[in-house]
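Residue numbers (the working numbering): 5 to 680. As structure tokens, the structure follows; a few thoughts come after it.
If you want it as structure tokens, here you go:
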């Protein structure tokens, strides 16, 4: 073991002990009466200060240090950094919530995200390390010759990384708005400051050592609450082993809960609401005018009866909020009809595989499950911010070894996520559902203000039915300590872990975007004679611009964290995977094929996502864009179409155009047989 590696082990051992001591101190202070808000502030600002300090200490003006951490990160620490880089807000915040809502179907994320690292180890990591440059577009430019493939790679890297980083900053906004009391939009930019300090000053060097520190925090924060829950419910604090026992109890509760009269009545009310919206849509534009006229008559009646001004103002606001045109009415009512229909469906048992009322629905669920596993597996093996981590190891052998450590550290979280979902469902089914509305716990109103929890007493019985409860999947992990009645220090710990997960991934993504722009576009194409200092100035300036732009988009709350991340994976898989794998293992792949395949694959994937998720783009004057999914495959698995078409196009175009030069084929040979 090298002296450098020994020093790192010593430093991070002391760091871990110090963090555990901080948790113990805050727990004692809470017991002594320290306000919960102060605990939230300590966790937030202490961790951000810690990351900032590492960033300042790791600042560098060396290009190799800035882009690839000097290629001297030991395998085990690169594995921890990759784990933190990988376990984003989607894994930390969104995965358990998706497993809570989707049950068995959510396991597609666990299978896809872990399986992808097998492809990384077998097909990509050692060969990219042998290539030994700075970015993925660097490899594409060298392998296929010229700047065409490089520029397409830059565009694809920016697109998928930007979608991904927006999801991370969105997660930061959720955490800061709930646990520190900041407005969501303000919290987004507060978290952005923590991101910038690390990546702005020291690039990959600062990001790497910060991510190692962040991994320690996020894994402790993820495992501790569910271990406490496991101990409370089973007497054994090993949730990964004991959650099967609780899953059996959840199944028993479901059998009784789903057929309760109140639940059935609530679902019938939602079915009636969906039918009402369907009728209104069929009768447009007459139904819109009728609704406007009905509200007007009620307003006039209230004015004639000298009613309270507050009631009149409320009706006038309701009339103003009506859709302005039949087209907008159709769009809004279709969405409300879909929501009502979803609420009207009987819930599925948590452990039921490929749920559906008919054989066709079950087959459709199975197809979507397998398609999502495919996209996440391929996307994992193609994400630029993950692949460039293997540029940072000293040797090719350590690149392979660091994939093993990455999988080991990621496994700790992914084996825990299903347990989180089961324990959360058991708590909610047994302690929240059927509770009188005036006795709902304090956490419920707190998360309602953030917009992640809502209820509607549609059957008017004064009790909370499961059908009347709306939980955003992003709330399950963050609210779990409060749901289970744990001390607030555990809630603060979870917030710190979620913040570490979001910041670590955002750092890596922002660095990927700015490296592609500053190194692959500015230095390689626009100004090859640029000095080292000027290249870093350009990179840091672009980092600031991209970060602010991503925070601005995240402040608009464009979607759930997990959906945004799944789209990024499909885009990365479609644009990069065929070109990278064929570029390494097929000498006949040429520039024309790679450019065509990357463009067609990426555009097909993007087209599919837009057509399924967007109904209109006002500034382009486009309406009624939404289409039915091809073979029922959801947008989060759009990469199925992009990867297939991209691979086919590269094969066909390469065979129809001249083969690559002898120099390129020799380059492939040199990459294919890396030295240890």
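Even glycine gets a Cβ: it sits at the ideal position worked out from N, Cα and C. Note that the coordinates shown come from a computational prediction; the quantities given were computed from them, not determined experimentally.
{"Query": "Residue 400: first and last residue of the uninterrupted alpha helix (DSSP H) it sits in", "Result": "400-418"}
{"Query": "Neighbourhood of residue 680 by C-beta distance below 7 Å, restricted to the same chain and skipping five residues each side", "Result": "In this prediction, residue 680 has a pLDDT of 48, which is less than 50 and means its spatial position is unreliable; what the coordinates show is noted afterwards. Excluding residues within five positions, the ones whose Cβ falls inside 7 Å are 399, 400 and 401."}
{"Query": "Minimum C-alpha distance to residue 251 - residue among 426, 381 and 464", "Result": "426"}
{"Query": "Under 7 Å between C-beta atoms of residue 86 and residue 519", "Result": "no"}
{"Query": "Check whether residue 568 and residue 167 have beta carbons under 7 Å apart", "Result": "yes"}
{"Query": "Extent of the continuous alpha helix (DSSP H) run through residue 503", "Result": "492-519"}
{"Query": "Cα-Cα separation between residue 501 and residue 6, rounded to whole angstroms", "Result": "31 Å"}
{"Query": "N-terminal and C-terminal residue of the beta strand (DSSP E) that residue 61 is part of", "Result": "Unbroken run through residue 61 is the alpha helix (DSSP H), 40-61; no beta strand (DSSP E)."}
{"Query": "Close beta carbons around residue 608, own chain, < 6 Å, minus the five adjacent residues each side", "Result": "645, 646 and 649"}
{"Query": "Rounded distance between the beta-carbons of residue 394 and residue 129, thought under 8 Å", "Result": "4 Å"}
{"Query": "Check whether residue 657 and residue 560 have beta carbons under 7 Å apart", "Result": "no"}
{"Query": "Alpha-carbon spacing of residue 62 relative to residue 535, whole angstroms", "Result": "21 Å"}
{"Query": "Three-state class that DSSP yields for residue 680 in the structure shown", "Result": "Unreliable placement is indicated for residue 680, whose pLDDT of 48 sits below 50; no coordinate value is reported for it."}
{"Query": "Assigned exposure category for residue 352 - 16 Cβ within 10 Å defines buried", "Result": "buried"}
{"Query": "Residue 403 versus residue 127: straight-line alpha-carbon distance, rounded", "Result": "12 Å"}
{"Query": "Spatial distance of residue 452 from residue 70 (CA atoms)", "Result": "42 Å"}
{"Query": "Terminal residues of the alpha helix (DSSP H) in which residue 545 lies", "Result": "536-558"}
{"Query": "The segment 572-582 contacting the segment 160-175, beta-carbon criterion three pairs below 8 Å", "Result": "yes"}
{"Query": "Nearest residue (CA-CA) to residue 217, options 181, 504 and 348", "Result": "504"}
{"Query": "The segment 485-493 in contact with the segment 29-38 per 3-pair CB rule at 8 Å", "Result": "yes"}
{"Query": "Three-state secondary structure (DSSP) of residue 467", "Result": "strand"}
{"Query": "Length-filtered (4 minimum) alpha helix (DSSP H) runs lying within the segment 420-455", "Result": "421-435 and 446-454"}
{"Query": "Three or more C-beta pairs below 8 Å linking the segment 464-471 and the segment 428-442", "Result": "yes"}
{"Query": "Residue 299 - containing beta strand (DSSP E), residue span", "Result": "Looking at the DSSP string, residue 299 is not in any beta strand (DSSP E); the run it does join, the alpha helix (DSSP H), is 290-308."}
{"Query": "Limits of the beta strand (DSSP E) - the one that residue 458 falls within", "Result": "457-459"}
{"Query": "Expected contact under 8 Å - CB spacing of residue 67 and residue 539 to nearest Å", "Result": "7 Å"}
{"Query": "Delimiting residues of the alpha helix (DSSP H) encompassing residue 17", "Result": "7-35"}
{"Query": "6 Å CB neighbourhood of residue 481 in its chain, flanking five on each side removed", "Result": "97 and 100"}
{"Query": "Whole-angstrom C-beta distance between residue 376 and residue 116, which should lie under 8 Å", "Result": "6 Å"}
{"Query": "Straight-line Cα distance separating residue 288 from residue 340", "Result": "15 Å"}
{"Query": "Where the beta strand (DSSP E) through residue 474 begins and ends", "Result": "473-475"}
{"Query": "First and last residue of the uninterrupted alpha helix (DSSP H) at residue 651", "Result": "643-660"}
{"Query": "Alpha-carbon to alpha-carbon, residue 388 and residue 672", "Result": "20 Å"}
{"Query": "For residue 295 and residue 332, believed in contact at Cβ under 8 Å, the rounded distance", "Result": "Wrong, their Cβ atoms sit about 13 Å apart, outside the cutoff."}
{"Query": "Proximity test, Cβ basis, 7 Å: residue 36 and chain D", "Result": "Absent here is chain D; the protein component of the structure consists of one chain."}
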